[in-house]
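Novice:
Number of protein chains: 2
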Amino acid sequence: MAATPDASEKDDEVDLPATAFAVLGLLTFGQDLSGYELRGWSKGSFRHFYWSPAQSQIYRELKRLEAASFAESHPVAQQDRPDKIAYRITPAGEQALARWVESQPVDRPVLKHHPAIRLFFGHMVDPAVLIDIVTEHREALVETLDDLEMQSVALTGEPTSGLSPLVFDWAAEIHRGDLRGTDLVLKRLAQLL
Amino acid sequence: MAATPDASEKDDEVDLPATAFAVLGLLTFGQDLSGYELRGWSKGSFRHFYWSPAQSQIYRELKRLEAASFAESHPVAQQDRPDKIAYRITPAGEQALARWVESQPVDRPVLKHHPAIRLFFGHMVDPAVLIDIVTEHREALVETLDDLEMQSVALTGEPTSGLSPLVFDWAAEIHRGDLRGTDLVLKRLAQLL
DNA sequence: CGTTGCATGTAAGGTGTTACATGATTAC
DNA sequence: GTAATCATGTAACACCTTACATGCAACG
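Line by line, the protein sequences are chains A and B.
Residue numbering for the first sequence follows the numbering used here, starting at 68 and increasing by one per position.
Residue numbering for the second sequence follows the numbering used here, starting at 68 and increasing by one per position.
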């Protein structure tokens, strides 16, 4: 039953990268969005737990999604600003997205923690410099947490689902863990001075 | 004073990606390592807070590091197994690494949390499936934490510096935050059933 | 009238992965 | 002898980013 390599009749498995599905997913919240808007929503929504793709990347994924007929585009005239091209998810796209959510292997999160890797090689430099780096990281963390706490409470006008606050809270816990670790590091680095 | 484009005399700024410095950094722990070994150490040491590059990538970075004279290679004969090519950091490499650690802008960590982005679009699928996904993620998390706790205590024979345990503890805090978030998610998802 | 924000896109290149190829050595 | 581990490497490609180019609209 399962895909004999020869009988490639039903082998429709258009197999796109995660980024494509991330973009496609933003179209499931009930609004038609342009590439420009999607760029904004991706920053506003999943930046803190799933990085934000470059603008050019988003446009490229939209082309691919349309080619796979997972999304359709239509021009939208605007008086107060330049016209735009809005995208809408298709039923085929909804199905593909659902399959992607359901039946992917559960990959481990990938963390590229730049301040941590620098500290990992911190024996090469003056500890005072390390404290500066980690302190600056801490400030960014606090900003991130503010962001996430706001997003969890007020999703003003933004396209989301009922599960969004839950994910924001999840992400906040991760960053709070980072904050705890950061403070621990700061305390221990202070002892080295 | 700052680099006139013409007077390119002192413009030695060999400007390598973070991965190159991550590999180079592993050579500062006092052992000469081969590409094969570096692949192992990178998995063993910073996988949980800085992803592990592909094997072919490591070999490529080693070539580049040598070209920049940040590292030197020398063949090492082994009786019990195939000979290898071991790499050693050079004084120029040490200097470049120290500068990299000190004077980079403090980039935010990049998190690509696959389970979280899938939950973010979880309104497309049956909640029971989401619980399965998150539960599987939880199991991986526990493994990760075991890893990190062991690394923090016993660095058996592995090349590390005095700061390593600190970074492992930091990473552990981040993953413990993830664990907290995961349990929160699981609890709330159960209410949806 | 120049700057900023909206909006779309291309070009070029760097980063990183998978898959493959090779060969030695150890263990079953 | 054949599988697994050690060890190095290449080829092909996918992914992603930076930088640039274009044009409209609004604001001061």
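For every residue, glycine included, the Cβ atom is placed at its ideal position computed from N, Cα and C.
Since the structure is predicted, the reported quantities are computational estimates derived from the model, not experimental observations.
For residue 142 of chain B and residue 150 of chain B, I'd like the C-alpha separation in whole angstroms.
Specialist: Taking the straight line joining both Cα atoms gives about 7 angstroms.
Novice: So which residues of chain B does residue 229 of chain A contact, with C-beta pairs closer than 7 angstroms?
Specialist: Simply 190.
Novice: For residue 140 of chain B, report the span of its beta strand (DSSP E) as first-last.
Specialist: Start and end: 138-143.
Novice: Let me see if you follow: with CB-CB separation under 8 angstroms, is residue 117 of chain B close to chain A or not?
Specialist: Yes - at least one Cβ of chain A is within 8 angstroms of the one on residue 117 of chain B.
Novice: Within 8 angstroms, do at least three Cβ pairs link the region 182-199 of chain A to the region 105-116 of chain B?
Specialist: As far as the Cβ criterion goes, the region 105-116 of chain B touches the region 182-199 of chain A, which means the pair count is three or higher.
Novice: Using 8 angstroms as the threshold, is the region 198-206 of chain B in touch with the region 151-160 of chain A, meaning 3 or more CB pairs across them?
Specialist: The answer is no - the region 151-160 of chain A does not touch the region 198-206 of chain B, with fewer than three Cβ pairs under 8 angstroms.
Novice: Below 8 angstroms CB to CB, which residues in the same chain sit around residue 253 of chain B once its five sequence neighbours on both sides are set aside?
Specialist: Excluding residues within five positions, the ones whose Cβ falls inside 8 angstroms are 198, 201, 202, 205.
Novice: Closest to residue 86 of chain B by CA distance: which of B:255, B:178, B:175, B:125 is it?
Specialist: The shortest C-alpha separation from residue 86 of chain B is found at B:125.
Novice: In chain A, what lies closer than 9 angstroms to residue 127 of chain B by C-beta?
Specialist: Those within 9 angstroms of residue 127 of chain B in chain A number zero; the least Cβ separation is about 18 angstroms.
Novice: Closer than 8 angstroms, CB to CB, is residue 258 of chain B near chain A or not?
Specialist: By this cut-off, residue 258 of chain B is not an interface position.
Novice: Would residue 241 of chain A pass as an interface residue toward chain B - the criterion being a Cβ-Cβ separation below 8 angstroms?
Specialist: So, interface residue.
Novice: Can you name the residues that DSSP bridges to residue 155 of chain B?
Specialist: B:139, per the DSSP bridge assignment.
Novice: For residue 191 of chain A, tell me which candidate among B:169, B:146, B:147, B:247 has the shortest Cα-Cα distance.
Specialist: When each option's Cα is compared against that of residue 191 of chain A, the closest is B:169.
Novice: Give the straight-line distance between the Cα atoms of residue 178 of chain B and residue 239 of chain B, rounded to the nearest whole angstrom.
Specialist: About 15 angstroms.
Novice: Do residue 93 of chain A and residue 108 of chain A come within 8 angstroms of each other at the CB atom, strictly closer than that value?
Specialist: Yes, they are a contact pair.
Novice: Report yes if the C-beta distance between residue 246 of chain B and residue 208 of chain B is below 8 angstroms; otherwise report no.
Specialist: Yes, they are a contact pair.
Novice: Excluding sequence positions up to five away, which residues of its chain have a Cβ less than 6 angstroms from the Cβ of residue 106 of chain B?
Specialist: Around residue 106 of chain B: 122, 125.
Novice: Who are the neighbours of residue 84 of chain A on chain B, taking C-beta pairs under 8 angstroms?
Specialist: Here the premise fails: no neighbours, minimum Cβ distance about 11 angstroms.
Novice: So the candidates are A:117, A:250, A:241; which of them puts its Cα closest to the Cα of residue 248 of chain B?
Specialist: For the residues A:117, A:250, A:241, the minimum Cα distance to residue 248 of chain B belongs to A:241.
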